[in-house]
Each structure stands twice: as structure tokens, then as C-alpha cells.
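Chains as they are written, first to last, in this note's numbering: chain A, 3 to 57; chain B, 56 to 289; chain C, 5 to 237; chain D, 6 to 241.
All residues carry an ideal CB built from backbone N, CA and C; glycine is no exception.
All values reported here derive from a predicted model rather than from experimental measurement.
To keep things clear, I will list the structure first and then write my remarks on it.
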Amino acid sequence: MTPDNGGYATAAYFIASVVYLGYIVSLRVRERNLRRRIAQLSSQARAESHTPAGA
Amino acid sequence: MDDAIANTPPGVLAAAWLVARKDLAIEFRTRTAFLSALVFALLGVTIFYFAWDSTAVSAVDLAPGVLWVIFTFAGLLGLQRSFGSELADRAIDGLLGAPVARESIYVGKALANLVFVVGILVVTLPAVVLFYNLPISSALLALAGIALLAAIGLVAVGTLFSAMAVNTRMAELLLPMLSLPFFVPIVMGAAQSSARLMAGRPVAEALPWLRILVAFDIVFVTACTLAFPFTLDE
Amino acid sequence: MVHADRLVRVFAGRRAVDDVSFTLQARDCLALFGPNGAGKTTLLRLLAGLLAPGEGTVLINGVELKSGAAARTQVGLVSHASMLYGSLTARENVEFSARLHGVPEPAAAALRALTLMRVADRADTPVRTLSRGLQQRVSIARAIVHGPRLLLCDEPYTGLDESGAAALTSALLERREAGAALVLVTHNLAEGLELATQAAIMRRGRFVRHEARALLDASAYQSQYREMAAVDG
Amino acid sequence: MTPPVVVFSDVERTPRDPLLIVAIIAVALVFIRALAFTPIEALQGPAQKILYVHASSAFIALYIAFVLMAITSILYLWLKDEKLDRVASSAAEVGLVFTTVVLLTGPLWGKTIWGAWWTWDARLTSTLFLWFIIVGYGLLRGAVEDRGRRARYSAVLGILAALLVPFIHLSVYMFRTLHPMPILLKPSSPSMPPEMQITFFSAFGAFLLLFAALLRVRYRVATLRDRLADLEQERA
Chain A
3 MTPDNGGYAT AAYFIASVVY LGYIVSLRVR ERNLRRRIAQ LSSQARAESH
53 TPAGA
Chain B
56 MDDAIANTPP GVLAAAWLVA RKDLAIEFRT RTAFLSALVF ALLGVTIFYF
106 AWDSTAVSAV DLAPGVLWVI FTFAGLLGLQ RSFGSELADR AIDGLLGAPV
156 ARESIYVGKA LANLVFVVGI LVVTLPAVVL FYNLPISSAL LALAGIALLA
206 AIGLVAVGTL FSAMAVNTRM AELLLPMLSL PFFVPIVMGA AQSSARLMAG
256 RPVAEALPWL RILVAFDIVF VTACTLAFPF TLDE
Chain C
5 MVHADRLVRV FAGRRAVDDV SFTLQARDCL ALFGPNGAGK TTLLRLLAGL
55 LAPGEGTVLI NGVELKSGAA ARTQVGLVSH ASMLYGSLTA RENVEFSARL
105 HGVPEPAAAA LRALTLMRVA DRADTPVRTL SRGLQQRVSI ARAIVHGPRL
155 LLCDEPYTGL DESGAAALTS ALLERREAGA ALVLVTHNLA EGLELATQAA
205 IMRRGRFVRH EARALLDASA YQSQYREMAA VDG
Chain D
6 MTPPVVVFSD VERTPRDPLL IVAIIAVALV FIRALAFTPI EALQGPAQKI
56 LYVHASSAFI ALYIAFVLMA ITSILYLWLK DEKLDRVASS AAEVGLVFTT
106 VVLLTGPLWG KTIWGAWWTW DARLTSTLFL WFIIVGYGLL RGAVEDRGRR
156 ARYSAVLGIL AALLVPFIHL SVYMFRTLHP MPILLKPSSP SMPPEMQITF
206 FSAFGAFLLL FAALLRVRYR VATLRDRLAD LEQERA
């Protein structure tokens, strides 16, 4: 007699998908924010280093 | 102040003993940490009694668990302040600048903590026997041995994590967070073996658990001693 | 007898000590000046063996400091922090240090060091209850109790009253008579030059000037240093 | 002199990650195959399909992620190379995600075959504690400011954790065997029919790919974070 527990399987696959996708999104967001911040800082640094002294 | 040439720096164990004695002197001078850990342990023992239905669970079954859980938490209180005295005025620099091995600093601190923890046990163990109306038997001696084995493992790991946690933000939270998983085999080994002894079972039944405790002590005393120098800034 | 060779120490990409070399003979005293953050404290910690150099070596009487015990016992350090245990007495603190260094008669040595720093009368007071200046004296006693051949002092005069400063100067002189080399970090040029046989100015981790004291004119040096400090802002 | 107009395009744009995309597609295909095209096990019912996610995630977390973390931790203390610390911390974090999936899917399967969400058996318990330790590992990293110190502390913890897990496993195992529990329906593992085997091994492959892809992204994030810290340090 095969038990009817398809709901558990669906739930498990759903939860796994949510966790893995959530982690992927969080990684990508972290990476994007870091890159923005680095670009911003290094462009500031360049702007400063090319400002003639006394200007 | 003769010349440094005449000095003969102490060996690893002699230096460890110096550090331990110094820590114990500090502890004895202040006493607050020990007394509060002790009161905490005794309060815990009484509170646990009321958390169980004593008609459903017999005291002999309850006592070992209570003892070892309380012991673990009280030990954490002691370990918490282990490195505080070193960092307050950077006394640790004095230790590190001295011609002693890094490992002996760890061993010394761990020894002092061991005395602290055993001191708590010496009071808590009879208190549990008293409050839970346990039969005083010949098992008491074996129990003391188990207590020592458990204390060594707890202190070995706890001293190392204390050295790390004290240099972090949120030291008070991090130490229990890091140490408690490591106390699982200790609490299990100690509780299981002492439960068997308190119930009057033959020592052979407790032996597998004692072996785990001994193995844990050997592995973690070695690993933590070797790892300690890496927790120092150089 | 003290030989620092091309010391480099990097912190998170910043070169706190950058290619510093010098040699001190017995009885030499190096006065080290420089603005805050110049790397003086880092250099002292390298010389005390509290930090490991990223590059370069420190030799003390021919023994490399990194090799540990034998070399470290020859060094004494007075730093910003007192390095004392507040709940122990002055005597216990100094004696503990003496024992750690393996001084033959630790109790007698501790008492002598405390007497030299003129705090022997407070020897049995817990350090926590001493004033800042007296703590500093105990801290200096702690640093000299084992008769170091290299004594490193990071602004040792800070917080000392006249009697303390006099005690410190005589203690430094005594160490020097015994053949020790000194490194003295200070902001006070007059104070530093008084004892010095060499003087160096540190900026951004480097020795920007380093010469024998005998070749220097104190007042000229002082005004040059001030100019330099003014540029740094 | 004209300032160079170089825009740091390599920094600013988050690159497409083909490996990650392939891994996501592979896992999605495996999910579809597992749920729709793999036969249902007669005794356990559809819930047995949880095995494909659960077991492969567990294997990768335990035997790949955490072993990698332990090895790179030891190597870090020896060689002091920041790259090793980045690999160790990346393996720990990705391993934590895999372990989380294991701990969430496990009870769903357990409920259907054991009748209980959770049992304190050796494997479950050591996985749970491993999860706790790795959470602690993350908290420790977050609580240490200095980069070198952070790397050393977490390497020490990583090595000790690797030593601890066998102890927990052994002691819980003894705890169970000495205290027999009411007999539960154990998931027996008779040899799987080939269709299930194919699904199982492709699931394993897909998750392995996912692990590699996530590790790579996480490593990149760690590198960027260090670079940002360097930049901020310079400006301070």
C-alpha cells in the first residue's frame, strides 16, 4: 500500500528551492553592492589624485 | 638588577605554574567571580528541582543531568573573565615579552581555570547529593574522577575560546555560542557515566563513556595547546 | 649588540614600519621622535618581540629575536599601557615578571627595582589603588627588574612627577652603566636629546633622519623638527 | 595632462556567471525529473523523493564543504595566505546553506517514514551541531575587526570543529545504542531501480555543480570585500 504523502515531497523541494535561490540572490546583491562601493571609492580617489594642488 | 645574562628562563611547565599561580592570586584577591559562579550553580541546582515533577522522575535519574548542565554553565561564567585581567592594562604584553613559550601561557591560564571549575564542583556536587537525597555510596570517588575528566575537557576548549572571544565585539555572547557545541560530548559522557554509577551499576557499564571523556581530553588538550599561539597577535 | 636590519611590518596594506635599520652598541641610546602614527610604537613592539616583522631581522647580542626565549629575556619594555595586574600589589607584579624572566633572586630583585623607582614604600599596595604616576613607576620597575640589555621606553616620562622623572632618569643611567642599550620614544625633544647618543625622526614608518647625537645642535634640530611637524599638519 | 578616462568596468559590473546559470538549470532539470519522471517508491510513497535533495546536499555539505573548510583552515595557519582564508570562509558559508537545506528537508522525510519530525540519532544530531558551529563561525568572523586576526581565529575554530564532529557522532551513537528507542520504520536501502539511481546520481552531480558555482561567487565576494576594506583603509 503506497502512502499518499506527495505533499511532503513537494514541500521539501519547494523549501530547498527557496533556500538555494534566496542564497544566490543574497550573494548577487552583496556582490553588486560591493562592486558599486569599490567603483565609487576608487573613482573618488582618482578624482582627488588628479586635482591639482591649490585648485 | 643583575645582567640579563645571568637569568635562566623557566621551562614550559614552570612558566605555566607561574602564570596559574598569578591568576589564582588575582582570583583569590577579588573572589567575586568565583562566588557569583558558585551562587549561580547552587541556584541552578534548586531551580532545576522544581522544573521536574519529582513524582514522575526519580531524583537519581534527574541529578546527573542537572549536575552537568549546571556545571557547564557555571564553568562558562568562570572562563568568561579568564583573559579580562590580561587585557585591562595589556598585562598580556608582559607575558608575551617574557622569555616563556606561548604554550605555557595557555597551560597556565587553563590550570587556573581548572582550579576555578573544580572549586565550583567541590561545592555543587555535595549540594546535588544533599538536595536530591542521593544515597552516598562508594561511587562518590569514581564520580570525582569523572568530574575531573569533564573539567579538563571543558577548561581546555573554554580557555582557548575565551582567549579569542575577549578580543571580539560581543565577547559575552560569543564564548557560550562557540563553546557549548564542544561541551556536548563532555556533558553526555559525564552525565551518562555518573548516572550509571549513581544508580549503583557496575563500573564496567560506565567504561565506554569514560573512554570518550579521556579521548576528548587528550585530543582537545593537545589541539588547543597547539592552536593557542595562533590566537595571539604577532 | 642590537642590530635591526630592514624591518618591515604591514598592517592591512599600510606599512607601519617600512625598511628601518639601525645598530646600537652597549651604552648607546637612540632617541626616537615623530608625529602620532609614525610607527614608533610598532617599531618598539617589533624590537620587544611582541610583533613579528614581516621582513627583516632583529639581532640582540647575535641572537635573533624571533628565535624566542633566549633573546626576549634581554629586552625590557615600558609602553603606554602599564602591563600590570590591578588587583596584585606592586611587589607581586614586579616579582612575577622577575620570575618569568628567570631572575635568580626574584624577591630581592623586585625590591631593588621598586626602590630604584622610589615606590618601595608602596610595594604592598594593590596597583589599582595607586595613582597614574605611581603605576607608571611600578611599570618601569617591572621593565628593568630582569636587567635587560635592551630597554625600550615608549614615552616613559608621561604622567611622572618631578621625583618620578628623576628616578626614571637615574634608572636609565644605571641600566646604561651596566652596558644596556636604550631606545627612548618621546615627543619632548629636549628630554630625548639629553640622554641620546643617536637621534632619529620617524615618519610614515621610515627613518627620515638618523644621526649621531654628537653631530647635532639641539636647538637647530628642534626648529627643524617643528617645521617638519608643521608640514605634516 | 589629462586624467585617464578608464572606468573600472571590471569592478563596477557584476559579471554574468555562466557556471552559476548552468548549475541552476541543472538543479531545476533534476527537480523536474525527480518529481515528474522518476517512479514512486512503493513502500514509502512520493516522500521518498526527498532523498534526492536531502542526501546529495548532506553529502556535499559534510564531505566536501566542511572537509574543504578544515583543510584550508589548517593550510592557512601554516602558509598564512589570505586566499586560503577566503576559500575556508566561503566553503563554510556555502556549506551552511547546504546544511540548512538538509535540516529542513530531513524532518519532512522523517515525518513520513518514522512518524516523527525529529529523532536524536547520531547523524541528525551531529548535523545539527555542525550547523550550530558554522553559525558560530560566521558570528565569530563578524565580530573580529582585524583581518589577520579574523582569519586566524576562524581557522582555529574550523580545525577544532572538524575534530569535534566525530566525537559528537560517536557519543550520540552510543547514547542511542545503549538506550534502545521504540522501533521505528527505518529507511532500508535496498538497491534502487536504475531509474531512481540515474535520478540520484544526476541530482548529486547537479548539486555538486551548484556547490562549485556558489563557492566561486562567494569567493569573489570575499575578494571584493577585502579590496573594499583596503580602499577604505587607504582613505582613512
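Item                                                                                                                                : Value
Cα-Cα separation, L219 (chain C) to R213 (chain C)                                                                                  : 13 angstroms
Contact under 8 angstroms by Cβ, A75 (chain D) with I164 (chain D)                                                                  : yes
Proximity of L233 (chain B) and L145 (chain D) at Cβ, strictly below 8 angstroms                                                    : yes
Distance between beta carbons of T110 (chain B) and Y158 (chain D), contact taken as under 8 angstroms                              : Not really, about 48 angstroms apart at Cβ, beyond 8 angstroms.
Identity of the residue in A:I17, A:T4, A:G8 nearest V106 (chain D) by Cα                                                           : A:I17
Those residues which DSSP pairs with G80 (chain C) across a bridge                                                                  : C:L155
Residue closest to I144 (chain C), alpha-carbon to alpha-carbon, out of C:A114, C:R132, C:A224, C:L50                               : C:A114
Environment of S167 (chain C) [buried if 16+ CB atoms lie within 10 Å]                                                              : exposed
Exposed unless 16 or more other CB atoms sit within 10 angstroms - verdict on T280 (chain B)                                        : buried
Contact with chain C by D22 (chain D), beta-carbon distance below 8 angstroms                                                       : no
For H174 (chain D), three-class secondary structure by DSSP                                                                         : helix
Residues of the stretch 60-93 of chain B whose Cβ lies closer than 7 angstroms to any Cβ of chain C, in chain order                 : A61, N62, T63, P64, P65, A70, L73, K77, A80, I81, R84, T85
Contact residues within the stretch 219-232 of chain D, judged by C-beta distance below 9 angstroms to chain A                      : L219, V222, R223, R225, V226, L229, R230, R232
Buried or exposed by the 16-neighbour rule on C-beta atoms within 10 Å, applied to P236 (chain B)                                   : buried
Euclidean distance between Cα positions of I29 (chain D) and G210 (chain D)                                                         : 12 angstroms
Cutoff 6 angstroms; reference A31 (chain D); Cβ partners in own chain excluding five residues on either side                        : A211, L214
Under 9 angstroms by beta carbon: chain D residues contacting Q135 (chain B)                                                        : Simply none; closest approach about 15 angstroms.
Nonlocal neighbours in the same chain, by C-beta distance under 8 angstroms from A199 (chain B), ignoring five residues either side : L180
Contact under 8 angstroms by Cβ, I160 (chain B) with V258 (chain B)                                                                 : no
Same chain, Cβ closer than 6 angstroms to A222 (chain C), five either side skipped, listed in chain order                           : L197
Length-filtered (4 minimum) alpha helix (DSSP H) runs lying within the stretch 26-110 of chain C                                    : 44-51, 73-76, 94-104
At least three beta-carbon pairs within less than 8 angstroms, the stretch 133-147 of chain D to the stretch 77-90 of chain D       : no
Enclosing beta strand (DSSP E) for I138 (chain B) [first to last residue]                                                           : The residue asked about is misnamed: residue 138 (chain B) is Phe in this sequence, not Ile. That residue, F138 (chain B), is in no beta strand (DSSP E); it is neither H nor E in DSSP.
Neighbour flag for F134 (chain D) against chain B, beta carbons, 8 angstroms                                                        : yes
Assumed close pair R10 (chain C), G60 (chain C) - CB separation to whole angstroms, cut-off 8 angstroms                             : 4 angstroms
Of the residues B:I241, B:A71, B:L185, the one placed nearest V212 (chain B), counting alpha carbons only                           : B:I241
At least 3 beta-carbon pairs within less than 8 angstroms: the stretch 114-132 of chain D vs the stretch 49-69 of chain D           : yes
Near the ligand ADP: G139 (chain B) beta-carbon under 7 angstroms from a heavy atom                                                 : This structure does not include the ligand ADP; it has no bound ligands of any sort.
Beta-carbon proximity check, D144 (chain B) vs G137 (chain C), cutoff 8 angstroms                                                   : no
Whole-angstrom C-beta distance between D158 (chain C) and V189 (chain C), which should lie under 8 angstroms                        : 5 angstroms
Cutoff 6 angstroms; reference S249 (chain B); Cβ partners in own chain excluding five residues on either side                       : P119, L198, I201
One or two residues paired with A185 (chain C) in a DSSP bridge                                                                     : C:L154
Short CB-CB distance (under 8 angstroms) between A261 (chain B) and chain D                                                         : no
Supposed contact pair I148 (chain C) and A171 (chain C) - C-beta distance, whole angstroms, cut 8 angstroms                         : With a Cβ gap of about 11 angstroms, A171 (chain C) and I148 (chain C) do not count as contacting.
Cβ neighbour criterion (16 or more within 10 Å) applied to W114 (chain D)                                                           : buried
CB contact below 8 angstroms: W114 (chain D) versus chain A                                                                         : yes
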